[in-house]
């Protein structure tokens, strides 16, 4: 188990100890493919809803939050299903629903249709993501026990694969938007068709060592686990901050540059930082910081990113200079993410009951999804409220700072 009150052993790279299993390598590549398809569409959704569909700012924020809630908020369902039936049927079903959701979104022209497509897209991920993530966490603990190194290393590698997909996805989407938004949606669906075919062939029917448990009793144990719920609240504040890449950041880029063309490059900057720096940052933090301190430092960096925009916003800079605060926000948010995300997910196996890792992995995102749903709507109102330009960003800066105080204090 990870010691939550002291330093952890130095991280060893895969290959220096026990090599990663074929299943673990497949799951890491799965995350890469998932994000290529997803990020070919999502970064451009807010602009599409506001212009092509004609939604008000608060409604755009609500729809984005609803998408996050239908995904993150229902992870607990997908996690419980993975505990009960195994990951293969849950992952394959999620891929089918994601394909249908993207196709529907590409043709949706009314608010109700957009909401239906967004809900389907989110629920698809609520099936396949907790199944994959819980098995990655379980395999990482086994890899650590076999002498491979700190489990956080595997979770960091999983994050790198996801961010590599998040780098390729927006660039693909930006190219396809030269045609139209529908083309981007259909391309995202095509990626998941390939994922579905690959996993139908390669994902094992039965995974050794994975227990299957009944549905009953797990939720009661989870709700009594105060330390886990505290971790969920802190992680939810991080996800609310991260969600501003799709809500507050596009508005700031539009103001500074007069269009959202630079947005794809800012997403690329974030992804390149994670791909190039996540593993060294995880190695450095694993040697020097306990998990709680790592998450506190990450949340502090995220708060600093919001504060940087708030301080620069009254000046009203535009053009290339006006994009500097937004770029600073992306860099600080990404650095904070590198400290928060792998550690939070590596912490979950130490807090979960035996056989319930899927449920707990899903619940981590479900509680976070509730926070993002409420917070995104509030953020949309703030951005449309007519308050001084710095106020929404200062409010957002306060959220991760408050969350740092919620983290569990010891093992």
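Numbering (this note's numbering), first residue to last: 1228 to 1638.
Glycine residues also receive a C-beta, built at the ideal position from the N, C-alpha and C atoms.
Item, Value
"Please report the Cβ distance between residue 1493 and residue 1553, rounded to the nearest whole angstrom; I am assuming they are in contact, meaning their Cβ atoms lie under 8 Å.", "6 Å"
"Under the three-state reduction of DSSP, which class applies to residue 1545: helix, strand or coil?", "coil"
"Alpha carbon to alpha carbon, how far is residue 1466 from residue 1504?", "20 Å"
"Might you give, ordered along the chain, the residues of its own chain that have their beta carbon closer than 8 Å to the beta carbon of residue 1273, omitting 5 neighbours on each side?", "1287, 1291, 1473, 1474 and 1477"
"Have a look at residue 1483 and residue 1363 and give me their C-alpha separation to the nearest angstrom.", "40 Å"
"Could you give the distance in angstroms between the alpha-carbon of residue 1471 and the alpha-carbon of residue 1426?", "32 Å"
"Under DSSP, the alpha helix (DSSP H) around residue 1274 begins and ends at which residues?", "1272-1278"
"Ordered along the chain, which non-local residues of its own chain (more than five positions away) have a Cβ less than 6 Å from that of residue 1258?", "1385, 1388 and 1389"
"Using the Cβ count rule (16 or more neighbours within 10 Å means buried), how would you classify residue 1514?", "exposed"
"Using only the alpha-carbon positions, how far apart do residue 1581 and residue 1572 sit?", "16 Å"
"Does the ligand SAM have even one heavy atom less than 6 Å from the beta-carbon of residue 1626?", "As presented, the structure is devoid of all ligands, the ligand SAM included, so that no description of it is given."
"For residue 1433, count neighbouring C-beta atoms within 10 Å of its own C-beta (all shown protein chains included) and say buried if the count is 16 or more, exposed if not.", "exposed"
"If we call anything under 7 Å between Cβ atoms a contact, is residue 1262 one with residue 1349?", "no"
"So what does DSSP say about residue 1235, is it helix, strand or coil?", "Its pLDDT being 40, under 50, residue 1235 is placed unreliably by the model, and the measurement read from it follows with that caveat. In this structure, residue 1235 counts as coil in the three-state DSSP scheme."
"Give the DSSP-derived three-state secondary structure of residue 1451 in the structure shown.", "coil"
"Determine contact between the segment 1338-1353 and the segment 1291-1303, defined as no fewer than three beta-carbon pairs at a distance below 8 Å.", "yes"
"Short of 8 Å in beta carbon distance, which residues of its chain neighbour residue 1421, apart from the five on each side in sequence? Order them along the chain.", "1260"
"Return yes when the Cβ of residue 1596 is within less than 7 Å of the Cβ of residue 1305, no when it is not.", "no"
"Compare the Cα-Cα distances from residue 1509 to each of 1542, 1463, 1461 and 1563 and report the closest residue.", "1563"
"How close, in whole Å, do the beta carbons of residue 1535 and residue 1398 come, if the pair is a contact with beta carbons under 8 Å?", "Not confirmed; about 26 Å, so no contact."
"By how many angstroms is the C-alpha of residue 1604 removed from the C-alpha of residue 1369?", "40 Å"
"Is there contact between the segment 1303-1318 and the segment 1610-1617, where contact requires at least three CB pairs shorter than 8 Å?", "no"
"Look at the Cβ atom of residue 1285, then the Cβ atom of residue 1611, and state whether they are nearer than 7 Å.", "yes"
"What does the Cβ neighbour count give for residue 1269, buried or exposed, with the cut at 16 atoms within 10 Å?", "buried"
"Less than 7 Å between the C-beta atoms of residue 1585 and residue 1357, yes or no?", "yes"
"With distances taken from CA atoms, which of 1340, 1322, 1354 and 1309 is nearest residue 1282?", "1340"
"Which stretch, first to last residue, makes up the alpha helix (DSSP H) that contains residue 1614?", "Careful: residue 1614 lies outside any alpha helix (DSSP H) and carries neither H nor E."
"Among 1488, 1511 and 1570, which residue has its Cα nearest to the Cα of residue 1546?", "1488"
"Start and end of the alpha helix (DSSP H) containing residue 1487?", "Here residue 1487 belongs to no alpha helix (DSSP H), and DSSP marks it neither H nor E."
"Which residue marks the beginning of the alpha helix (DSSP H) containing residue 1298, and which one marks its end?", "Per DSSP, residue 1298 belongs to no alpha helix (DSSP H) and is neither H nor E."
"So, residue 1419 versus residue 1264, is the Cβ gap smaller than 7 Å?", "yes"
"In the DSSP assignment, find the unbroken alpha helix (DSSP H) run with residue 1582 in it and report its ends.", "Element bounds for residue 1582: n/a, residue is neither H nor E."
"Is residue 1636 helix, strand or coil by DSSP?", "coil"
"Could you check if residue 1559 is buried or exposed, using at least 16 other CB atoms within 10 Å of its CB as the buried criterion?", "buried"
"Just to check my reading of the structure: residue 1408 and residue 1271 have Cβ atoms closer than 8 Å, yes? What is that Cβ distance to the nearest angstrom?", "7 Å"
"Could you give the DSSP three-state label for residue 1626: helix, strand or coil?", "helix"
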